[in-house]
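So the sequence lines, in the order shown, correspond to chains A and S.
If you read the first sequence in the numbering used here, its first letter stands for residue 2, the second for the next number, and so on.
If you read the second sequence in the numbering used here, its first letter stands for residue 2, the second for the next number, and so on.
Accompanying notes for the structure given below.
Number of protein chains: 2
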Amino acid sequence: MPGLRIFCDAPLSDSALQVLKQGTTSHELIFPRRGTESVLAPTEPDPALDTADVAFGQPDVSGVLESKRLRWIQLTSAGFSRYDTPEFRSFAKLRGLIVTNSSAVYAEACAEHVFAFMLAQARKLPEGISSRCANGSPQWVALREGSVVLKNQSAVILGFGAIASRLLELLSPFDMKVIAMRRNPRGDEGVPTVTPENLRGALGTADHVINILPDNAASAQFISAERLDWMKRGAVFYNIGRGTTVDQEALSASLRSGHLGAAWLDVTDPEPLPDAHPLWTAPNCYITPHTAGGHRSEPETLVRHFLENFSRFLADMPLRDRII
Amino acid sequence: MPGLRIFCDAPLSDSALQVLKQGTTSHELIFPRRGTESVLAPTEPDPALDTADVAFGQPDVSGVLESKRLRWIQLTSAGFSRYDTPEFRSFAKLRGLIVTNSSAVYAEACAEHVFAFMLAQARKLPEGISSRCANGSPQWVALREGSVVLKNQSAVILGFGAIASRLLELLSPFDMKVIAMRRNPRGDEGVPTVTPENLRGALGTADHVINILPDNAASAQFISAERLDWMKRGAVFYNIGRGTTVDQEALSASLRSGHLGAAWLDVTDPEPLPDAHPLWTAPNCYITPHTAGGHRSEPETLVRHFLENFSRFLADMPLRDRII
């Protein structure tokens, strides 16, 4: 295949950029006028995109829709709601445009992040770290009695993809009873899997409810007041999917009423929440600022994932993490 | 065997006490004048001990040394330094007194606790939870870039017993490179195991140094300034053994100099540390108040572990968790 023009607006470290350059020597890398700060930040059209065959990053949607040569986009995020519209999908279909994301890059860090949430809650780390209580004191007894072991507990995982698969591996030494929810169960999940319509029973017995749902029309406010009510008293809710999938007022109310035992959120809507938002002061609500997928070697891993797909693209092989 | 007199000074919940009573119906339970608040609190001699065949709890050492009938003590702790003296050991040997501890009861919770520490550090949970930073902000970039995944990292485990065995199981999905240290390696550890004399190389390469050493003459201040220096720059130190095994001034200095990356401690010497202790303000030092072994069902689990050994004792079978 002759030299291709690769548009890259991914915010890369110097070392990651070197890896990208070395992996694309017989092709041409083109860059936007300025790099984006975050893979999640909104972008604007860039004229360079119009001449590209391949895009790696978060190319502006309107720019893509005007592009003449673009054949493949690899997004640097796992989420892709910006591109998940009927207009974009029909453009892609008409033009044979392939879109892949970087799920595989974030799956390990996201699975470890929600697993860190689960263990921090089980061992009551936030309370423990802020306490200077003495052995035998009432606070000490309460801390120990309030702690649990994950072993033999139960969990429901909402949304079954790369993160859920990895999380199941991490949980395997704990002999937990896990049920997954997936819109279209395939039978390869490795655990009992229900559809959204058959979720109620599973929600009612789970010690842990782990939300990994992406942002789309079907998932909007999926964690509603009703589904929160279905959860077992004292259950712990986790969200590393997208904030839009949760009725946040209802979540706050459930925590304040003592129905839900705790909530650990890496995503909210918006991010960050305004300072006056009730979730900041809801009891046992812990929020990290959308850092679940981050890790020290993220830029290099993003580039290597792109280069692996680039060699598949050149060889006309199926691409990994294809979403459109 | 005729009815035995079982002295119990373990601080039990009502439900745990019921389980104990049901499991010892043809025997006689005798209780001290008042229960102890903590399994770690110092006790005082109790006349009831003098008439007991079996003791379950933390019987006073001088009381044991004066006892006439005592044949077996099951401690409610994992640590047993109070009883680990030449005088006590020779008394036990002379009298055929068996001592068991409750290691098995705490192993799961302790292993999960230190694992929670490792993941909380990897995912930078304390910083994340206290941040309200925006996507793309410098603080956000620093948080994501400062986070790591445990997968493929390396660890050294100091002290190899029930907790280390369980921790190795929990770590297995992470493909970590683990080296254990044990005074007398037996070859059944499942990972490369070195003696204290050959620790330096392992300490110099480990991302995580996990201390599970018990309190005894050989372990006093084992984590010295010199061994801290041997650790890799940026390494993370964890202690769920005993506080006496660490030179705490040297640990504080290592954190303050930026050599050690972080320390997560469940045990200190004394507990709690005085408010002016430098570890409270050392950077990236997180301390939980000796809650690693605690869990909601702890009293019942202690009783069931005792009852299992009690039936073995009656049947003249080897007891579990025998230490003397």
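Think of the CB as a built atom: it goes at the ideal place given N, C-alpha and C, for glycine as much as any other residue.
Quiz item: What residue ranges within the region 55-136 of chain A form continuous beta strand (DSSP E) runs of no fewer than 3 residues, ordered along the chain?
Solution: 55-58, 73-76, 99-101
Quiz item: Who are the near neighbours of V237 of chain S in its chain, counting only those whose CB is closer than 8 angstroms to its CB and skipping five residues on each side?
Solution: M119, Q122, D208, H209, V210, L261, G262, A263, A264, W265
Practice problem: Give the single residue among A:T302, A:A254, A:E250, A:N240 whose Cα lies nearest to the Cα of Y287 of chain A. | Solution: A:N240
Quiz item: With C-beta atoms as the reference, is A293 of chain A less than 8 angstroms away from D317 of chain A?
Solution: no
Quiz prompt | 8 angstroms Cβ cutoff met for S253 of chain S and A283 of chain S | solution = yes
Quiz item: Cα separation between P290 of chain S and G80 of chain S?
Solution: 16 angstroms
Quiz item: Out of S:E272, S:V157, S:F57, S:T246, which has the shortest C-alpha to C-alpha gap to I31 of chain S?
Solution: S:F57
Quiz item: P215 of chain A CB to nearest chain S CB: under 8 angstroms?
Solution: no
Quiz item: What separation, rounded to the nearest whole angstrom, lies between the Cα atoms of T245 of chain A and D322 of chain S?
Solution: 51 angstroms
Quiz prompt | Spatial neighbours of G129 of chain S in its chain, beta-carbon cut-off 7 angstroms, leaving aside the 5 residues before and after | solution = L144
Quiz item: At a Cβ cut of 9 angstroms, what residues of the region 274-296 of chain A count as close to chain S, listed as they run along the chain?
Solution: L274, D276, W281, Y287, I288, T289, P290, H291, T292, A293, G294, G295, H296
Quiz item: Is the CB of S27 of chain S under 8 angstroms away from at least one CB in chain A?
Solution: no
Quiz prompt | V304 of chain S vs L13 of chain S beta-carbon contact at 8 angstroms | solution = yes
Quiz item: Does the pairing of the region 63-75 of chain S with the region 96-108 of chain S give three or more beta-carbon distances under 8 angstroms?
Solution: yes
Exercise. Could you check which residue in S:P300, S:R297, S:G235, S:I324 has the C-alpha nearest to that of N285 of chain S?
Key: S:G235
Quiz item: What are the residues of the region 195-225 of chain A that lie near chain S, defined by any Cβ-Cβ distance shorter than 7 angstroms?
Solution: none
Practice problem: Would you list the one or two residues that DSSP bridges to L159 of chain A? | Solution: A:M182, A:N212
Quiz item: Apart from the five residues just before and just after F223 of chain A, which ones in its own chain have a Cβ nearer than 7 angstroms to its Cβ?
Solution: L214, T246
Practice problem: Can you say whether N310 of chain S is buried or exposed, counting buried as having 16 or more other CB atoms within 10 angstroms of its CB? | Solution: buried
Quiz item: Is there at least one Cβ from chain A nearer than 8 angstroms to V55 of chain S's Cβ?
Solution: no
Quiz prompt | Collapsed DSSP secondary structure at V20 of chain S in the structure displayed | solution = helix
Exercise. Give the secondary structure of L30 of chain S by DSSP, where H, G and I count as helix, E and B as strand, and everything else as coil.
Key: strand
Quiz item: In chain A, which residues lie with their C-beta within 7 angstroms of the C-beta of P87 of chain S?
Solution: Per Cβ cutoff of 7 angstroms: no residues; P87 of chain S is ~27 angstroms from chain A at best.
Quiz item: Between R169 of chain A and V179 of chain A, is the Cβ-Cβ spacing less than 8 angstroms?
Solution: Reading off the sequence shown, one finds Leu at residue 169 of chain A, where the question assumed Arg. Contact flag set, yes.
Self-check item: Own chain partners of V55 of chain S with C-beta closer than 6 angstroms, once the 5 adjacent residues on each side are dropped
Solution: L5, I7, W73
Quiz item: Among residues of its own chain, excluding the 5 on either side of P279 of chain A, which ones have a beta-carbon nearer than 6 angstroms to its beta-carbon?
Solution: S253
Quiz item: What residue range is occupied by the uninterrupted alpha helix (DSSP H) comprising F238 of chain S?
Solution: No alpha helix (DSSP H) contains F238 of chain S, which is instead part of the beta strand (DSSP E) from 237-240.
Quiz prompt | According to DSSP, residues forming a beta bridge with W265 of chain S | solution = S:Y239, S:Y287
Quiz prompt | F223 of chain S - DSSP class collapsed to helix/strand/coil | solution = coil
Quiz prompt | Rounded separation between P319 of chain A and R313 of chain A - CA only | solution = 7 angstroms
Quiz item: Is F175 of chain S near the ligand HEM, in the sense that its beta carbon is under 7 angstroms from a heavy atom of that ligand?
Solution: Within the structure as shown, the ligand HEM is missing, as the structure has no ligands at all.
Practice problem: Could you pull out every residue in the same chain whose Cβ sits closer than 6 angstroms to the Cβ of S21 of chain S, ignoring the five residues on either side in sequence? | Solution: A small correction: the amino acid at residue 21 of chain S is Leu; Ser does not occupy that position in the sequence shown. V304.
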